[in-house]
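Straight run, no breaks: the sequence shown in the working numbering ends on number 160. The structure under discussion appears below in the form of structure tokens.
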Amino acid sequence: MERLHLVPVRSRDARAFVSMWHRHHAPPVGQIFAVGVADGEGILRGVAIVGRPIARFFDDGQTLEVNRTATDGAANANSMLYGAAWRAVKVLGYTRLITYTQAGESGASLRAAGWRVIAQRPAKPGWDRPSRPRQLRGTEEIPRTLWEAS
């Protein structure tokens, strides 16, 4: 098994990595920080982008959200990223870190990093409303699981 280690990653590089490797989402618009994992040769193998929570209810000044992770398939990279994100968030003074998975995603990386399920969210028709039109992204109508770092 190859040896992975944490590396700093610039916002533009993290966004480019997500664009290339994420299965169903584009990079998030904003972020607080990003962290990467690289192999022994220094090749970037995965990134996590952490930002403000998408749901207004969680945007309390003490909570951040892992808005995206993406890897090229390197073993254990996602678990390493989730663990590093939680350690960084705590050092920055935040008290809570959350993320979501879609139905059909096992959450094995999250469990391996010590995260726990706190809620199951039903499928929604999307964010489009007559008073607030939004473009469909293809991820509507999918139930989600809410996770919290612990």
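All residues carry an ideal CB built from backbone N, CA and C; glycine is no exception.
ask   = Gly56 bridges to which residues according to DSSP?
value = Counting from one through the sequence shown, the residue named residue 56 turns up at place 46. For Gly56, which the question treats as bridged, DSSP gives the partners Val47, Thr81.
Endpoints, alpha helix (DSSP H) assigned at Leu156 = As a first step, residue 156 is located in the sequence shown; it is residue number 146 there, counting from the start. Unbroken run through Leu156 is the beta strand (DSSP E), 154-158; no alpha helix (DSSP H).
task = Please name the residue or residues paired with Val127 in a DSSP beta bridge.
result = Locating residue 127 in the sequence shown gives position 117, counting from the first residue. Val127 is bridged to Trp157.
ask   = Got a sec, what are the start and stop residues for the beta strand (DSSP E) Val17 sits in?
value = Position 7 of the sequence shown holds residue 17. First-last of the beta strand (DSSP E) with Val17: 15-18.
ask   = Alpha carbon to alpha carbon, what distance is there between Ala84 and Ile53?
value = Counting from 1 along the sequence shown, the entry for residue 53 is found at position 43. Counting from 1 along the sequence shown, the entry for residue 84 is found at position 74. Between Ile53 and Ala84, the C-alpha separation is close to 11 Å.
task = Drop a sphere of 10 angstroms on the beta-carbon of Pro132, count the other beta-carbons inside from all chains shown, and report buried for 16 or more, exposed for fewer.
result = Start at 1 with the first residue of the sequence shown, and residue 132 comes out as number 122. Per the 10 Å Cβ criterion, exposed.
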